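Enquirer: Residues 582 to 1278 in this note's numbering are what the sequence shown lists, from first letter to last. For every residue, glycine included, the Cβ atom is placed at its ideal position computed from N, Cα and C. It should be emphasised that the depicted structure is a prediction, and the values quoted were computed from it without experimental measurement. A single structure is presented below for examination.
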Amino acid sequence: MAEQQTPMAGADTQRRAEAVSLLGLALQALLAGFLFLMHRRTGSEAALVEVAHAGAGVILWFALWMLSRQRRLVALEALEAEQLRRERQAAGLAGSSIFETQEEQFYLARRRLGWMTRWLMPFFTLVLAASMLSAGLLVRDWPLLPNLRADFWGQVRDADVGAGFVLGGAFVAFLLSRYASGLARIQTWQHLRAGASYLFSDALVLAALAVGLGLAHFEMPVPERALAVVIRLLMLLLGFELIVNLVLGFYRPRLAGEVPQPAFDSRFLALFSETASIARSIAEAINYQFGFDVSKTWFYKLMERSIAPLLYFGAFCLIGITSLVVVDSGEEAVIERWGRPVHDRPLTAGLKLKYPWPIEGVQRFDVRRARRLTLGFVDAPAENERAPGDRSPPLILWTNLEHGVSEEADLLVATPRGEGETGGGRGGAEDPRGRSVPVSILRAVAEIEYHVEDMYDYGYRHRDAHTLLRSVAQRELVRYAASVDQGTFLSGGRAEAARLIRERIQARAQALRLGVRVTLVTFTGVHPAQEVAEAYQAVVGAEQDREASKQEAQRQRTEALTRAVGDTRLAVELAAAVRRAEELSQARPVDSVALAEAERKRDELMTRASGQVAQILAGAHAERARRINQAKGNVDEYRMQLVSYRAAPTYYAWTKYFETLKEGLPKARRYLVACETEGRRLLLILNTEEQERLRFR
């Protein structure tokens, strides 16, 4: 055991280390509770993350307290053994090997210290590393490298009061860390360096937190949020370092008389807690790891002699490099001296000289490249999820809630008078009572391209000209959408809309002196909200059915008119002429001249008609000719009969009489009695079997 070959410190000395460990444990726990109260009071994310960092330090100080307490017990045990040895020497039993063997069996505290150094301290190292890693990953649900201006960051309250209290806590932690660090320079108390370094890191974080809260009080919350991210990354770094220290500690060679350091003693934190001897700390860490004095090797002595000239030469090269500016073609640059532009005009392509950094810096602007911004999305657009090997064009359907893009923003557009949407959803045009409302909801995605024309206006007149231009473009898009109806916006009005919006954006950008020239505005998609897709498709389907019915009716009309007249235009003119003639004929008094002209025009159009009208007219003309000819024949026949009657009236009468009987009774039997029957009884004997031999009596 190392403690067997090293003279043990006195019990009073180890009692001081134990007291410092208890004080550090109490202060670490108080810091964790105090930071939690500060988080509840101010809402600071950095304070909440630092609670996890300070809470992990409680485990470290508890391990140091156990180690210091056990060393004190070992010192007491050594004092008792020394007293026993002196008593044996006084009794004349100092040289007995039997008593020396029995004494080794009674060093229980020393054996327990060896067990703690070998097993318990590595266990505490694993627990501490696991707590830091888990806290760094899970202490908050926002990502490790978040957007410091996102909406999930809370608002800091009472930042000025919180900054004062946090600064007081940082001062107390700094005092105790400096005291423990001073004790750790003595070899007996060297194990306290782990707690001193960790408590010093707490003091640094608390001081930075006080500065962040002070800036948040003046409406600059980004440093406080950045500190929360840094603390999480610091805990992850310390967790990995402790694991590496633990693994390397198993393979590190041991030196005789060496007091082993706990694996949770962070070399990284020691660089900050002992800034006056950074080189010595690095050398001690290397010596401790490799088991020999590296500072006495030739390579270390060579580096010690050459490091300063190398650093000077590197600094000179860096200064020389920062004094040269190479402006590429298509770029313009502005030299800044202490953050202010030096020249009135930008630098063009070529090699330029300037004062070295940080006196002068350079801002480059690519004036040749077209810059682009997208409107219509709540967040940045997302990519389509496509199957591996799928080379088909991406399918984007606005009717799906997940159609390849991020969530789109809503636009209010006017509803045409007399129209209404069905469904009453987000994109509907009816209120819950079924009445038509004057607005509808659409979603539009627009791409805007622009070039930088004036670098000074674009880069220095505004803090973020690109974001300001996006706001201007979004404002003009909303204004235009509110001034048109949804039918115009959804159909053929996009080109005109893009032109008007581009002109309005350009005019507003010139008024604000943004220094840009808007070259293109295009709409990549305009559609209703996805929630009303089913109702909207029902309306579109009904409109298409209506249009199909109209087309079918038009087809039937054309077919009927063509079948009737032969020409649709001639049919319309003929129908108008017929109605005109009927109206004039029914008017009182009758305008004979106008009626004659209307009938003439009607007849003329009828003569030009074909189809069924022509067939009917031809049939009518044929029937008229037939009836006229028949009437003429009847007249001629009557004249001939009149001549016959005048020549033989009795014969003509009997002839017509018998013809009438023949025509009226075509199937009946007729008998002719050629005698005088008046005053006589006529007896007829008929033999129906002999129809041809009839006799009359």
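So ARG1250 and LEU1242 are in contact, right, with Cβ under 8 Å, and what is the actual spacing, rounded?
Expert: Contact flag wrong, Cβ pair sits at about 11 Å.
Enquirer: What is the rounded straight-line gap between the Cα of GLY1005 and the Cα of ALA1062?
Expert: Unreliable placement is indicated for GLY1005, whose pLDDT of 42 sits below 50; the coordinate value is still reported in the next sentence. Cα to Cα, the separation comes out at about 20 Å.
Enquirer: Buried or exposed: GLU1259, going by 16 or more other Cβ atoms within 10 Å of its Cβ?
Expert: With fewer than 16 other Cβ atoms within 10 Å, it is exposed.
Enquirer: Helix, strand or coil, according to DSSP, for ASP1035 in the structure here?
Expert: ASP1035: coil per DSSP, three-state reduction.
Enquirer: On the premise that LEU709 lies in contact with LEU823, defined as a C-beta separation below 8 Å, what is that separation, rounded to the nearest angstrom?
Expert: Yes, LEU823 and LEU709 are in contact; Cβ-Cβ is about 6 Å, under 8 Å.
Enquirer: Restricting to Cα atoms, I'd like to know which of MET801, ALA791, PHE849, GLU912 is closest to TYR779.
Expert: Of the candidates MET801, ALA791, PHE849, GLU912, the one whose C-alpha sits nearest the C-alpha of TYR779 is PHE849.
Enquirer: Look at the alpha carbon of ALA809 and the alpha carbon of THR769, and state the distance between them as a whole number of angstroms.
Expert: Straight-line Cα distance between these residues: approximately 37 Å.
Enquirer: Taking all protein chains shown into account, decide if LEU787 is buried (16 or more other Cβ within 10 angstroms of its Cβ) or exposed.
Expert: Buried.
Enquirer: How is the beta strand (DSSP E) around ASP947 delimited, first residue to last?
Expert: ASP947 -> beta strand (DSSP E) spans 941-947.
Enquirer: Rounded to a whole number of angstroms, what is the C-alpha to C-alpha distance between ILE1082 and VAL915?
Expert: Going by the C-alpha atoms only, they are around 32 Å apart.
Enquirer: Cα-Cα, which of VAL630, PRO890, LEU641, SER602 is closest to ARG813?
Expert: Among VAL630, PRO890, LEU641, SER602, the Cα nearest to that of ARG813 belongs to VAL630.
Enquirer: If you draw a straight line from the C-alpha of GLU1218 to the C-alpha of THR1231, how long is it?
Expert: Roughly 19 Å between the two C-alpha positions.
Enquirer: If we count Cβ pairs, one from each stretch, closer than 8 Å, do we get three or more for the stretch 1189-1199 versus the stretch 1146-1159?
Expert: Yes, they touch.
Enquirer: By Cβ distance, which residues of its chain are closer than 7 Å to TRP642, with the 5 residues on each side in sequence left out?
Expert: SER602, GLY605, LEU606, GLN609, GLY776, listed in sequence order.
Enquirer: Nearest-angstrom Cα distance between VAL908 and GLU1030?
Expert: Each residue's alpha carbon lies about 24 Å from the other.
Enquirer: Roughly how many whole angstroms lie between the Cα atoms of GLN1067 and LEU993?
Expert: Taking the straight line from one Cα to the other gives about 9 Å.
Enquirer: Relative to the C-alpha of LEU934, which residue among GLU917, PHE946, LEU1246, GLN1193 is closest?
Expert: Nearest C-alpha to LEU934: GLU917.
Enquirer: In the structure shown, what three-state DSSP assignment does GLU1028 receive?
Expert: Three-state result, GLU1028: strand.
Enquirer: Please name the residue in ALA1179, VAL1102, LYS1248 whose C-alpha comes closest to that of ALA1158.
Expert: Measuring from the Cα of ALA1158, the nearest candidate turns out to be ALA1179.
Enquirer: Please determine, among THR1048, LEU1253, LEU616, the residue with the shortest C-alpha to C-alpha distance to ASP783.
Expert: Looking at the Cα atoms, LEU616 is the closest of the given residues.
Enquirer: Is SER1021 buried or exposed, if buried means 16 or more other CB atoms sit within 10 Å of its CB?
Expert: Buried is the call here.
Enquirer: Starting from THR1231, follow the alpha helix (DSSP H) in both directions and report where the run begins and ends.
Expert: Note, THR1231: alpha helix (DSSP H), 1230-1245.
Enquirer: If you drop the 5 nearest sequence neighbours on each side, which residues of the same chain put their C-beta closer than 8 Å to that of ALA754?
Expert: Answer for ALA754: LEU608, LEU612, LEU780, PHE781, ASP783, ALA784, LEU787, listed in chain order.
Enquirer: Would you call ASP846 buried or exposed, if buried means 16 or more other Cβ atoms sit within 10 Å of its Cβ?
Expert: ASP846 comes out buried.
Enquirer: Put LEU993 into one of helix, strand or coil per three-state DSSP.
Expert: Reduced to three states, the DSSP call for LEU993 is strand.
Enquirer: Taking the alpha-carbon of ALA938 as reference, which of ILE900, ARG1181, ASP732, MET816 has the nearest alpha-carbon?
Expert: The question names Ala, but residue 938 is Trp in the sequence shown. Checked all of ILE900, ARG1181, ASP732, MET816; the closest Cα to TRP938 is ILE900.
Enquirer: Does the pairing of the stretch 1109-1126 with the stretch 1041-1050 give three or more beta-carbon distances under 8 Å?
Expert: Touching, no.
Enquirer: Where do the ends of the alpha helix (DSSP H) carrying ALA751 lie?
Expert: That run of the alpha helix (DSSP H) goes 740-765.
Enquirer: Just to confirm the assignment: which complete alpha helix (DSSP H) runs, minimum length 4, are found wholly within the stretch 1071-1139?
Expert: Here the runs fully enclosed are 1075-1093.
Enquirer: Just list the residues that DSSP pairs ARG918 with in beta bridges.
Expert: According to DSSP, which records beta bridges pairwise, ARG918 is partnered with ARG921, GLU941.
Enquirer: Can you tell which of LEU1246, LEU764, LEU1165 has the C-alpha that lies nearest to the C-alpha of GLU599?
Expert: It is LEU764 whose Cα lies nearest to the Cα of GLU599.
Enquirer: ARG1261 bridges to which residues according to DSSP?
Expert: Answer by DSSP bridge pairing: none, since ARG1261 is not bridged.
Enquirer: Does the beta-carbon of ARG766 have 16 or more other beta-carbons within 10 angstroms, so that it is buried, or is it exposed?
Expert: Exposed, by the Cβ-count rule.
Enquirer: Compute the Euclidean distance between the alpha carbons of ARG967 and PRO802, then round it to the nearest angstrom.
Expert: Residue placement at ARG967 is poorly supported in this model, since its pLDDT is 47, which falls under 50; the coordinates still yield a value, given next. If you take the alpha carbons of ARG967 and PRO802, they lie about 40 Å apart.
Enquirer: Compare the Cα-Cα distances from LEU819 to each of GLU800, LEU714, PHE897 and report the closest residue.
Expert: Of the listed residues, the one whose Cα sits closest to LEU819 is LEU714.
Enquirer: For GLY953, which residues does DSSP report across the bridge?
Expert: Looking at the sequence shown, residue 953 is not Gly but Arg. Beta-bridge pairing links ARG953 to GLU1030.
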